[in-house]
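With the working numbering applied, the sequence shown closes on residue 217, and no number is skipped along the way. Cβ coordinates follow ideal geometry from the N, Cα and C atoms, glycine included. Because the structure is a prediction, the values reported are computed rather than measured.
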Amino acid sequence: MLINEVTIHETFENLLPGDEEKKAHYAEKIHAMLVASYAGSGGLKGGGTQTPEQLIHEIPMWKIFRRGTDIKAVVLYKDKGGRKIVAGGTDGTPAGIKGLAQMMKDDALRGRAFAEISGKMLAFMQRTLGAEGLQSISIPVEQVIAHLNKFGKEIHPVNEFEYERKLRSGDVEKKLMIGTLGNTIR
């Protein structure tokens, strides 16, 4: 009996300031992945995500999940009083979804970063962590107000953890902040 051996290589790669050449190599594919990931929720709204060139020059940290040479998922970060997740997406495959979940869980549960989540990402994190798990990494709205006021963001509390704020687009959105504040991009 002949057994076929299959090896799957999964890799997480961090691209930091100074890695612009590598970012340029991946930028078109990652931008297309983000556009597709955000298509059902009003499109990309964050600054620095509108074009592949903006990704390269305005988003200082990228975390990429690859299976072999195929990019399956990505998370992008800016330094906003700490390492803030500003976008994340997948190629839509189970492997990509698993990779994104792993990156988000690692960042939020291990205190590496923080994120403001809403809509599809909020639903994704609820499925990934469950209600109790999500609440355990949620930042109380008082801390959110203190943090975001430093950046001129006006916050309207909804409950102990959720709040509403106006986006750059002018839309008002309900959000939840998760993770740990204060860690910088290194």
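For residue 138, the enclosing alpha helix (DSSP H) stretches over residues 125-140.
Under the DSSP assignment, residue 159 falls in the alpha helix (DSSP H) whose first and last residues are 150-167.
Among the bridge pairs identified by DSSP, residue 45 is matched with 94.
Residue 112 is a Cβ neighbour of residue 181, given a cutoff of 8 Å. Nearest C-alpha to residue 98 among 89, 82, 124, 88: 124. The three-state secondary structure of residue 193, taken from DSSP, is strand.
Under the three-state reduction of DSSP output, residue 147 falls in the strand class.
A direct Cα-to-Cα measurement between residue 148 and residue 208 gives close to 6 Å. Inter-residue distance for residue 171 and residue 191 is about 6 Å (C-alpha atoms, whole angstroms).
Exposure of residue 34 is indicated by the presence of fewer than 16 other C-beta atoms within 10 angstroms of its C-beta. By the Cβ criterion, the segment 158-166 is in contact with the segment 129-148, since at least three pairs of Cβ atoms, one from each stretch, lie closer than 8 Å.
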